[in-house]
Amino acid sequence: MERRAFLRNSAGALGGLAALEAFSPLFNLNAAQAARPDLAVVHGASIDKIVRAAVDAIGGIKRFISKGDVVVIKPNIGWDRTPEQAANTNPEVVSTLVKLCFEASAKKVKVFDRTCDDSRRCYVQSGIEAAAKAAGAEVSHIDDKKFREVSIPNGTAIKSWPIYTDILEADKLINAPIAKHHGRGKLTMALKNWMGVMGNDRGRIHQNLEAALADLALIIKPCLTVLDAVRILTAHGPKGGDLNDVKRLDTVIAGVDQVAVDAYGATLFGLKGEDLGYVKESADRGLGKMDLSKLNIKKIEA
Amino acid sequence: MPRIITQTLFLLLFFFLFLQTESKGTDKLGYPVELFLEMDPLVALSTFLSGRSWPEHIGLCLLVIAITAVLGRVFCGWVCPLGTLHNMMGAIKKWKGPQRVRNWFHAKYLLLIFLLSGSLVGIQLTGVFDPISLLIRHLTIGVYPAFNYSANGTMDFVYRTDVGLLTSASDWIYDVLKKTVLAFQQPYFAQGALLSLLFLVILLLNLSERRFWCRYLCPLGALLGFLGRLAPFKRKTSKDCNSCGLCDQKCQGGIKTEAWKASECLYCMSCGDECPKKAVAFGFYVKPAEESVEIGRRNVLLAGGAGLASVAVSRATPLFNPTRPNPNLIRPPGALPEPEFLARCVKCGACMKVCTTNALQPTFLEAGLEGLWSPVVVPRVGYCEFNCTLCGQVCPTGAIQLLTPAQKREWRIGTAMFDLNRCLPHAHNTPCIVCEEVCPTPKKSIWFKEVLVQDRNGQELLVQQPRVDLKNCTGCGICVTKCPLVDAPGVRITSIGETRSKKNQILLSNNYY
Chain A
1 MERRAFLRNS AGALGGLAAL EAFSPLFNLN AAQAARPDLA VVHGASIDKI VRAAVDAIGG
61 IKRFISKGDV VVIKPNIGWD RTPEQAANTN PEVVSTLVKL CFEASAKKVK VFDRTCDDSR
121 RCYVQSGIEA AAKAAGAEVS HIDDKKFREV SIPNGTAIKS WPIYTDILEA DKLINAPIAK
181 HHGRGKLTMA LKNWMGVMGN DRGRIHQNLE AALADLALII KPCLTVLDAV RILTAHGPKG
241 GDLNDVKRLD TVIAGVDQVA VDAYGATLFG LKGEDLGYVK ESADRGLGKM DLSKLNIKKI
301 EA
Chain B
1001 MPRIITQTLF LLLFFFLFLQ TESKGTDKLG YPVELFLEMD PLVALSTFLS GRSWPEHIGL
1061 CLLVIAITAV LGRVFCGWVC PLGTLHNMMG AIKKWKGPQR VRNWFHAKYL LLIFLLSGSL
1121 VGIQLTGVFD PISLLIRHLT IGVYPAFNYS ANGTMDFVYR TDVGLLTSAS DWIYDVLKKT
1181 VLAFQQPYFA QGALLSLLFL VILLLNLSER RFWCRYLCPL GALLGFLGRL APFKRKTSKD
1241 CNSCGLCDQK CQGGIKTEAW KASECLYCMS CGDECPKKAV AFGFYVKPAE ESVEIGRRNV
1301 LLAGGAGLAS VAVSRATPLF NPTRPNPNLI RPPGALPEPE FLARCVKCGA CMKVCTTNAL
1361 QPTFLEAGLE GLWSPVVVPR VGYCEFNCTL CGQVCPTGAI QLLTPAQKRE WRIGTAMFDL
1421 NRCLPHAHNT PCIVCEEVCP TPKKSIWFKE VLVQDRNGQE LLVQQPRVDL KNCTGCGICV
1481 TKCPLVDAPG VRITSIGETR SKKNQILLSN NYY
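The structure is reproduced here in structure tokens:
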């Protein structure tokens, strides 16, 4: 118990990545004995390795994906940008997740996003289409007729919205966002990534982004969230374009609780979960936890 | 038969290249989609006359000229995709007895003279009638969007009815269609119905006379007829001919045996195929040239004069006052300054076909009558994709210059300005950041000023109000396309600041030329 308390306290105390690196051997040492963590924060040079280590640390892919599942992995493919520009999820993070799903005997893995720039350019320039396809996923562009109105009885900002059918019909959802700066939400990570399955004039939700994203989290429930922080975009987000705004962290964060993932993600930018309106709103509504000091966070060097 | 096979192959090649004139997610198309425009001597000649320079790729066009000089108008009979469509249309009707021929052969020469003399003084109307430009344009703007609309509509209907097997079958069919003949996204074009209708009329002329267009109107046919009038490859009738007249009935060019002319013959060789006596043959013969079509000196002068005068008629308009530029005339990136642009653009519509976001639309009278169907960016329909240079790649005449990706990202087609009476954060204290979010310049051209405002109850709110950085904005228009005020946006693009113009500028520091 003492060890866990120590872990919790240190996790809370640690913000920066330098600290993470310095302490990582210590965490490794204690890893085996710790109970299943809420979040796994994994740093390392190989993207394949850190994604696998992160998923393993929170229970392994078989905890989330069962034999025969139709899985949707939802990366951020929103922009006509290359991986170096850190505006879309890293293609290798996506392809590793695809591979993991198939290793857990998933029947089918779908990868798509309703992009902001031209969809063809986003899919190609992000590198995600090629990487996910090579890993065996079905990568398709959004088909406008395939949105279905979903009611959100407990929604406060949106009472119903058209959601992409493939999301509604999937057995399992995996959220695979990237951590980026955003002009309105301050940051965009896991919770905001689900905007990519909204139909209609979704731009309107920015009028009450906090509540709308929490509303969305009421109806879209991923079984696993893997936040890509291999490269993060620290300014001029979410579209970026200037390499000077990109910071290389070689890190991914995995968890079941999207709110917790976002709250941890905020620390990568020197912010806290409660600094982000939609994280606070979601936590207040009981959709997840944002208090990192109450979470079991496991940091791994892979 | 060899002719029909050749025509079919060229038509299929044309359609294939037409379908490939579409973004694949990179800045490369992978196929020489402008092939047919490049082999068109009329486009090359009129570009030379009006733009004072030859198109960049001239090889194929010289080949067509050389072939025509030796073999006559084989291009018309064997290659031209519009000619093949005319053939197909004409074949719908059962033709009996001697054909009615109006003998308006000279009309196309007069049209050619009118068009080229116009080109000489910088009026580019050639593309309106050039068959290749015409075909690409009317397919792009009219027929192809309609085809997509019907296919998408059918598939949507089947999807909505949701009847098990039929719906899954349609899903599969839709997938195949998407990968083959359908556009990536439904294209929408202003004047689509008009251009479809005009195209239909041109095709229906074949029911009056077969290949009416090719006989009487086609300026490319006239040019090739002129170039091929002395071709040694000729038709010859042997002594076996009993003047049964079957060849006259079948002739696609509508020429009588006794009045055969290389300039009017489409070299379809139906006459030889049909001849019961096998008395008609094509071969190389050294014999005096046939009498050419009587155009009339007076008519030539008239047509030439009209072409020269067209510049005066169409340019005396405030549209061409460089100090009063049209705010809505937002030309594609790389477009030449307006007069030079108009002198070159043949309105083939290839740029509109390839435009990633459907932003390029045909003008109606915004650029004057001479600018009819030239490309203009309409940001409410689509925006100019930041990393895309495809329109410059497909332009056959250099009206849109090919930019490097780096040049493209710096190129301004106009400037964004907010409508403070509509924009949500400006006029209504309502948070909205869509324009800033989508702004593509690495250092965003839209920035926020945080302003403390009061609502109607006196409550103070902090609102992020978007502002345009005039030094950065390229006028791409994505802020307009994506503005949540879906009817009239809270931000507008006008042409001011466009890189191509010296006069249409705002900032003291912008000195482009």
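Chains as they are written, first to last, in this note's numbering: chain A, 1 to 302; chain B, 1001 to 1513.
Where is the CB? At the ideal position from N, CA and C, for every residue including glycine.
When the Cα atoms are used, A:Glu92 and B:Ile1493 turn out to be separated by approximately 39 Å.
In this chain, the alpha helix (DSSP H) harbouring B:Trp1172 covers 1164-1180. The C-alpha of B:Thr1397 lies about 23 Å from the C-alpha of B:Ala1312. Judged by their CB atoms, B:Trp1054 and B:Thr1006 are not nearer to each other than the 8 Å cut-off. Closest by C-alpha distance to B:Gln1505, out of B:Gln1465, B:Glu1437, B:Leu1042, B:Ile1413, is B:Ile1413. In the structure shown, B:Val1486 adopts coil according to DSSP, grouped into three states. When DSSP states are grouped into helix, strand and coil, B:Gln1186 belongs to the coil group.
Inter-residue distance for A:Tyr164 and B:Met1039 is about 46 Å (C-alpha atoms, whole angstroms).
DSSP places B:Lys1108 inside the alpha helix (DSSP H), whose first and last residues are 1106-1120.
The residue from B:Glu1291, B:Glu1209, B:Ala1222 with its alpha-carbon nearest to that of B:Cys1251 is B:Glu1209. DSSP places A:Ala130 within a helical segment (H, G or I) once states are collapsed to three.
Distance from the CA atom of B:Ala1259 to the CA atom of B:Thr1068, rounded to whole angstroms, is 20 Å. In this chain, the alpha helix (DSSP H) harbouring B:Met1088 covers 1081-1090. Taking a contact as a CB-CB distance under 8 Å, the pair B:Leu1365 and B:Ser1314 does not count as one, their CB atoms being some 11 Å apart. Distance check between A:Ser293 and each of A:Leu287, A:Gly286, A:Thr267 places A:Thr267 closest, using alpha-carbon atoms only. DSSP places A:Val71 in the uninterrupted beta strand (DSSP E) bounded by 70-75. Around the beta carbon of B:Met1089, 16 or more other beta carbons lie within 10 angstroms, which makes this residue buried.
Separation of A:Arg248 and A:Ile232 (C-alpha to C-alpha, rounded to the nearest whole angstrom) is 6 Å.
Where A:His181 is concerned, the enclosing beta strand (DSSP E) starts and stops at 178-182. The continuous alpha helix (DSSP H) containing B:Glu1436 extends over residues 1434-1438. The C-beta of B:Lys1503 has fewer than 16 other C-beta atoms within 10 Å across all chains shown, which makes the residue exposed.
Below the 9 Å Cβ cutoff, chain A contributes Cys116, His182, Gly183, Arg184, Gly203, His206, Gly237, Pro238, Lys239 as neighbours of B:Glu1437, in chain order. By the Cβ criterion, the region 1119-1126 of chain B is not in contact with the region 1261-1279 of chain B, since fewer than three pairs of Cβ atoms, one from each stretch, lie closer than 8 Å.
By the Cβ criterion, the region 271-288 of chain A is not in contact with the region 1098-1111 of chain B, since fewer than three pairs of Cβ atoms, one from each stretch, lie closer than 8 Å. If one requires a minimum length of 4 residues, the alpha helix (DSSP H) runs lying completely within the region 1018-1103 of chain B are 1035-1038, 1041-1051, 1059-1071, 1081-1090, in chain order.
Here the region 1145-1157 of chain B makes contact with the region 1179-1188 of chain B; the two share three or more CB pairs at distances below 8 Å. Counted as a single uninterrupted DSSP element, the beta strand (DSSP E) harbouring A:Leu224 occupies residues 224-233.
Counting along the chain, A:Glu301 sits inside the beta strand (DSSP E) bounded by residues 297-301.
For the region 1017-1030 of chain B, the set of residues with a beta-carbon nearer than 7 Å to any beta-carbon of chain A comprises Ser1023, Lys1024, Gly1025, Thr1026, in chain order. Nearest to B:Cys1423 by C-alpha distance, out of B:Leu1111, B:Val1074, B:Cys1483, is B:Cys1483. Bounds of any beta strand (DSSP E) do not take in A:Glu103; it lies within the alpha helix (DSSP H) bounded by 91-103. Sorting A:Gly60, A:Leu295, A:Ile50, A:Ser66 by C-alpha distance to the C-alpha of A:Ala170 places A:Ser66 at the top.
Between B:Pro1333 and B:Leu1403, the C-beta gap is smaller than 8 Å, which places the two residues in contact.
Under the three-state reduction of DSSP output, A:Ile65 falls in the coil class, being neither helix nor strand.
For A:Tyr123, the neighbours in chain B by C-beta distance under 7 Å run, in chain order, Gly1025. Of all residues in the region 135-155 of chain A, those with a C-beta nearer than 7 Å to a C-beta of chain B are Lys145, reading in chain order.
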